[in-house]
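Using my numbering, you'd call the opening residue of the sequence shown number 670 and step up by one each time.
Right, one structure below, let's go through it.
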Amino acid sequence: MILLPTSSIIPIRDVMAEHRTYLPLAGLGIAFTAFSEMFLNNIKRIPGRSIATLIACVGLTVMLMYATRQRNLVWQTKLALWQDAAAKSPNKSRPHNNLGNAYLLLGNASLAANNYRTAIRLDPDNIEPYYNLALALKNLGRNDEALQMHRIFVNIVKRKTSAAK
């Protein structure tokens with residue numbers, strides 16, 4: 670239900686994505702604030718409860734700050750982001766393809782190639798990892814394999830474009 674405002678009639682590959690929850694969470698934030706205010710106003714009427722409430726609120730705030738900091742650490746580098754995404758979605762092609770891109774940017778063509786192969790195995794119709802694998806193989810000096818992978822990429826593109834006509 671929370672994703673309803675960001676849903677569309679066109680099917681999407683990634684049902685859950687952090688950015689898709691930003692707008693719907695605004696409503697939950699407003700509701701949480703309203704209920705918190707009602708709770709705090711009612712708790713004031715009970716003697717000795719204001720200190721316990723303050724401690725609970727501070728504790729909750731500290732826990733949420735810690736959780737936010739931990740999540741922000743993932744966004745510090747492309748490599749950390751895509752390692753986290755691939756670990757959390759091991760059966761999706763896109764995180765492995767992008768993890769391969771991060772490794773390739775860092776000069777580790779071998780790990781990049783492994784991730785591109787995983788991406789291809791998970792979604793053979795995704796053309797990006799074929800092209801990227803060809804680049805990684807070329808960087809590794811395996812030109813014959815790179816050329817073969819590039820041919821596979823071109824054939825898939827031709828098949829997809831002829832099917833779209």
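We put the beta carbon where it would ideally sit given N, CA and C, even for glycine.
Beta-carbon proximity check, residue i vs residue j, cutoff 8 Å
i	j	result
residue 822	residue 796	yes
residue 791	residue 760	yes
residue 771	residue 809	no
residue 805	residue 773	yes
residue 798	residue 758	no
residue 818	residue 803	yes
Distance, residue j Cα to residue i Cα
i	j	result
residue 721	residue 701	19 Å
residue 692	residue 807	43 Å
residue 714	residue 736	32 Å
residue 724	residue 695	26 Å
residue 710	residue 726	14 Å
residue 733	residue 745	19 Å
residue 801	residue 697	41 Å
residue 739	residue 706	28 Å
residue 729	residue 703	17 Å
residue 787	residue 731	39 Å
residue 814	residue 793	18 Å
residue 741	residue 834	44 Å
Beta carbon proximity, residue i to chain D, threshold 8 Å
i	result
residue 800	This model lacks chain D altogether; it includes just one protein chain.
- request: Mind listing, in chain order, the continuous alpha helix (DSSP H) runs of no fewer than 4 residues lying wholly within the region 736-817?
  value: 747-757, 762-774, 778-791, 797-808
The region 740-751 / the region 767-780 touching (three or more Cβ pairs under 8 Å): yes
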